[in-house]
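Written below as structure tokens is the structure these notes are about.
This is the structure we're talking about:
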């Protein structure tokens, strides 16, 4: 018994978060198809499911402390620092966005359970993706997560924009998946391996100078598949349309969870698989970073739809995060810091949007928030904090993350990147400050009326804004966590 | 260990107690009447003084070994943290600030009675005390800079307290703007420090001065010196202080006489381990100190505003402290700071009492003969006058004599400096004697029937300060080096100039006493006995020179007018030209160009976002191929 499971590496704790989410999904499904369940039961079941997931993630830390970096299920599931941080981040995203997505799901009455199941399944898929050691496993996780997101985008069937968003997301997403699979195939063809660690071992075995071109192209295709998910330019075209069309209450979850998992996987790929050949990717990553920040800034400058604006800002932020990931181990830690502070601000902004415009709305014009400050002081202040955080104003976490990232780039002597990133930051102030101006300063006739904010929303926004300020003043704790994540890969 | 922890905690309290009081009073401004406000503010001041005294005594029992508390580290590299320290130097300042704050607040309760913004006054006052303590208790330059800026702010608030008066609002602005020049230098100094030492911590910086190039140290010292000049009203940045007298008199007593203006002196003593390595900086300090001391003393001769005389006298005395620092006598500088704080606070509060009794009349020509009406005030101000003139055994004598002797002992060119400083001491005695005589003695033919002695809440602080002005000098005499022992650890690595021994010291002391007495006697002859009316001035052809001196003195050598003409008007014209040519055409033009170009290119790129999936797929494929091509073109890739 023990021997078989040991040989196969079967360990249920390591996939426990995924299992916990699956269990929740099954319970929810069971509730819906058998008896008519009241709403609050569904709410508690899903919330308890999320808490259970967080608890199982906590259990994984224990496993990591005893076993260290280790692989399970015949080298398909990996337990390392990246997996742990990624798991925690996905769990936190679930926790912080629960409020939004629950209220949205509650509104689409006949499909509440479907929506919850889609969300929890996508989370389980992304968790699997983060944990994957094998590229095939990675692909499966990515697909489980993504397909649920496609459906989630089009859940509000009465809305034309929502339908359009779902279809676009699906078509372009499947294209990206094709390319991703093709990349795996190319690597398998050239090296006969399909693992994260195997790749680096193979490369070190044949020597970085003798790596065949097919491997390189395969790796690039895999990376491009992931870049699509984080909406880095030039693969960003889907993001604004999807963000705009999808129900506002879901966008916060959709945007953050895909970004978190893809970036963690990218970071692991760079830190582990590409260690010996990372120099040769400099130009590639540099081109993507510069394209991302420039395209994002140019597209965002004249945007009148706030959801599209945030989508383009996401393109810029992806560029920033990528610049760190491709520049050394401390760059990865800086990027992770950036990623964490960014998703906090992103969740906060989409929570604000969904409070103002309703959970199911699709497009969200800048005129919707004109004169917001007059009646809704709390919302405007938290919104401003998040926007200033995205812009990178000192005293917010956005400044510290940019500062750490850029100083690291400077020490790697990437002066061109530093210049471009700084200039983009300056340009960024233009379109990040404009919504604040419209909301708080500009004189206007039709002021937004007082919006009833639930206490849970207030608590959530308060916590997120406080975290934004806290990491801006005392970033030490978070910096140490991200340093711990990469320490083993120096 | 236990003892240390307790003490560390306790010396933080006096810093934040005034802040809490300020916030508390501010929040309950509408609720509290004068009595309740007074109750809170006085008790809080007394409590912080008691804690400060306890901390100081405990420190003394521990042989003045510095205690450092780091509240938290903000950034680890470069090392920037928020921390406080208690050593001999900051301990003295702690006692001084909290003690004087209590005494002066006691005086203020009566002086500010029935003012419509009574509570606001105490809010600002407490806020000032907090900022000043932040400045002196800091263990690094960053916190010191916070305090430095905050005392500027609270000083601005208090100068323009009666902002309905245009003069007060203007004076506040002037003080703020001139201080900005100094702060600018201070900030640059801080940046050089951070660049050189990679930390702001005093101990880490001041103990690592050996390996640093002298030019760097000189640069740091000179820029910090500019800050000290601004805050301590030294030539050429002194003209804000006389104008600052528009504020309430007790506030002037604390801020513009006893504490805030000495911040520059305090800071220079704090960085003395750096300063001693820079000969140029020391020489500049002593020269500018001398210019200030002489200029301000000369300007005080023919002033008629009761507070302006004291303001110029403050500037002059600050000049003496700078002279001491320049001569390397850091202990003497702090000693004079302490004694000056007491007798100048006494003089200011006395002036306040006079102004109060005269129903806010400040012209000393309209006073005269007040001695019989206000005996306590007159005698206490008399003590203050004697003390500042350097008459033994009052406080001023000991400190001033120590400064003069320290300058003398350096030799060489310093003999000239000593003679000039002695001249300034003589002038000091002269104008202070005139000041007292004009107010209290000389009969100007005014009937002061409604003038009476100030209320007890005012005379009691005067009596207290009077006693201190007599005896505070004994903390550091040639026979008992008390202050030197207190500052011993702080100035451990610093070469402090010591007093000469034996007969030289006695001769120097006699000379400085002589200067003081001569000044007072001449003042008495001129203004007490009115000698100039009895002798025929025309006969000796003295009328012209005397009028010239009077004119120059009351116009401060026309320095203000020169400054106004040269800097203010000149700058206005220049800035107008800059605004039109450089800003309007060059900068605005290029900025507008950039922004329109950005907007246009943004519109062009936006048109590529068609919303059609087929276009997106084309972009996807195209850019993928481009990226792969780019990758293959990378020179490093092996084929």
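Chains as they are written, first to last, in my numbering: chain A, 1 to 490; chain B, 1001 to 1639. Cβ coordinates follow ideal geometry from the N, Cα and C atoms, glycine included. Nothing here was measured: the structure is a model prediction, and the numbers come from that model.
Which residues bound the beta strand (DSSP E) around residue 1081/B? 1080–1086
Pick out whichever of 1523/B, 1330/B, 1026/B and 1288/B has its Cα sitting closest to the Cα of residue 1486/B. 1330/B
Taking the beta carbon of residue 530/A as the centre, do at least 16 other beta carbons fall within 10 Å, making it buried, or is it exposed? Only positions 1 to 490 of chain A appear in the structure, and residue 530/A is not among them; the question remains open.
How would you label residue 468/A, buried or exposed, when you count the other beta carbons within 10 angstroms and need 16 or more for buried? buried
Quick check: the region 1348–1362 of chain B against the region 1099–1112 of chain B, are there 3 or more CB pairs under 8 Å? yes
Could you check whether residue 1057/B and residue 1334/B sit closer than 8 Å to each other, using their CB atoms as the reference points? no
Please state the DSSP three-state secondary structure of residue 1481/B. strand
What residues in the region 146–179 of chain A have a beta carbon less than 9 Å from any beta carbon of chain B? 164, 167, 168, 171, 172, 175, 176 and 179
Spell out the partners DSSP gives residue 1199/B in its beta bridges. 1079/B
Taking just the CA atoms, how far does residue 1318/B sit from residue 1261/B? 8 Å
Applying a beta-carbon distance threshold of less than 7 Å, which residues of chain A neighbour residue 1279/B? The contacting residues do not exist; residue 1279/B stays about 38 Å from chain A at best.
Could you spell out where the alpha helix (DSSP H) holding residue 253/A opens and where it closes? 248–268
Anything in the region 299–324 of chain A with a Cβ closer than 7 Å to a Cβ of chain B? List those residues in chain order, please. 299, 301 and 302
By Cβ distance, which residues of its chain are closer than 7 Å to residue 376/A, with the 5 residues on each side in sequence left out? 448, 450 and 451
Let me know the alpha helix (DSSP H) ranges lying completely inside the region 1226–1299 of chain B, each 4 residues or longer, listed in chain order. 1240–1243, 1249–1253, 1263–1270 and 1272–1275
DSSP-derived helix/strand/coil call for residue 1162/B: coil
Kindly confirm or deny that the region 340–355 of chain A and the region 434–447 of chain A touch, where touching means at least three C-beta pairs closer than 8 Å. no
Can you name, in chain order, every residue of its own chain whose Cβ lies under 6 Å from the Cβ of residue 1367/B, other than the five neighbours on each side? 1439
For the region 300–309 of chain A against the region 1033–1041 of chain B, do three or more pairs of beta-carbon atoms, one drawn from each stretch, fall closer than 8 Å, so that the two count as touching? no
With distances taken from CA atoms, which of 1373/B, 1009/B, 1394/B and 1309/B is nearest residue 1362/B? 1309/B
Beta-carbon neighbours of residue 1606/B, restricted to chain A and to distances below 9 Å: 298, 299, 301, 302 and 303
Length of the line joining the Cα atoms of residue 1315/B and residue 1285/B: 14 Å
Limits of the alpha helix (DSSP H) - the one that residue 13/A falls within: Looking at the DSSP string, residue 13/A is not in any alpha helix (DSSP H), and its letter there is neither H nor E.
Within its chain, find whatever has a CB closer than 6 Å to the CB of residue 1282/B; leave out the 5 residues flanking it on each side and keep chain order. 1326
Reference residue 221/A, options 1633/B, 1621/B and 1452/B, closest by Cα: 1621/B
Contacts of residue 1611/B in chain A (Cβ-Cβ under 7 Å): 241
Could one say the Cβ of residue 126/A lies closer than 8 Å to chain B's Cβ atoms, at least one of them? no
Which residue wins for smallest C-alpha separation from residue 117/A, given the options 94/A, 298/A and 139/A? 94/A
With H, G and I counted as helix, E and B as strand and the rest as coil, what does DSSP make of residue 1072/B? strand
How many angstroms separate the CA atom of residue 166/A from the CA atom of residue 123/A? 18 Å
Touching or not, the region 97–112 of chain A and the region 128–140 of chain A, by the rule of three or more beta carbon pairs under 8 Å? no
Roughly how many angstroms lie between the CA atoms of residue 458/A and residue 101/A, to the nearest whole one? 16 Å
Inter-stretch contact at 8 Å, needing at least 3 Cβ pairs: the region 1390–1404 of chain B / the region 1486–1497 of chain B: no
Spatial neighbours of residue 1442/B in its chain, beta-carbon cut-off 8 Å, leaving aside the 5 residues before and after: 1368, 1369, 1527, 1528 and 1530
For residue 173/A, which residues in the same chain have their Cβ closer than 7 Å to its Cβ, ignoring the five residues on either side in sequence? 146 and 150
Output the boundary residues of the beta strand (DSSP E) element that contains residue 71/A. 70–72
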